[in-house]
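**Q** A single structure is presented below for examination.
Residue numbers (my numbering): 67 to 285.
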């Protein structure tokens, strides 16, 4: 914001002495330099009579005055192009995000369906487990009842058997026969090896060998 106090106020010190009085500016800037700030051009445009929507072209290239407002067309066009590029980038980013959201929504739907199917399977398995537990419990109760019945039957059978044995005792067992040990008699026809006759050939051989030994000793 531009301050005009230094153009209108007088500078006075503590003693009341005037130190500065506004006057014409030395080394004033050129009009073209003032146009760069749009101050002088906006002032000139505001003095001219314009209808709503009329456009007054300034002497400075690239600027226009619309309803008293100075507009830098080149700058606005550059900003417009930049805004359009950012808009296109934002649109593409939004399109990507929407596609990703749709994909995630489909994945979520599939997961929810799988979860529902798994919950149904869990419920079925829970029912089967309950039925199996009930059947197992009934089987255990039946086994216990059968075991108790068998114990009662065994007890009654033992009582009946004991009563029958007392009423009709079994006959005494037959006496055991004592077997006498058998004595083996020697066979009459058995011949001892010492009593067997010596063959004649063996006797002759022994006699001839004895005579030869005697002759050798005599010689």
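Built from N, CA and C at the ideal position, the CB exists for glycine as well.
None of the values given here were measured: they were computed from a predicted structure.
Mark residue 129 as exposed unless 16 or more other C-beta atoms lie within 10 angstroms of its C-beta, in which case mark it buried.
**A** buried
**Q** Taking all protein chains shown into account, decide if residue 78 is buried (16 or more other Cβ within 10 angstroms of its Cβ) or exposed.
**A** The residue in question, residue 78, is exposed, as its Cβ has fewer than 16 Cβ neighbours within 10 Å.
**Q** In whole angstroms, what separates the C-alpha of residue 188 from that of residue 170?
**A** 26 angstroms
**Q** Under a Cβ-count criterion, where at least 16 other Cβ atoms within 10 Å of its own Cβ denotes burial, should residue 84 be classed as buried or exposed?
**A** exposed
**Q** Taking the continuous alpha helix (DSSP H) assigned at residue 85, which residues delimit it?
**A** Counted as a single uninterrupted DSSP element, the stretch harbouring residue 85 is not any alpha helix (DSSP H) but the beta strand (DSSP E) occupying residues 84 to 86.
**Q** In or out: residue 136 buried (at least 16 other Cβ within 10 Å) or exposed?
**A** buried
**Q** Between residue 148 and residue 156, what straight-line distance do the alpha-carbon atoms span, to the nearest angstrom?
**A** 12 angstroms
**Q** Just curious, the alpha helix (DSSP H) that residue 147 is in, first and last residue?
**A** 139 to 233
**Q** What is the rounded straight-line gap between the Cα of residue 230 and the Cα of residue 224?
**A** 10 angstroms
**Q** Suppose you measure from the CA of residue 202 to the CA of residue 172; what does that come to, to the nearest Å?
**A** 44 angstroms
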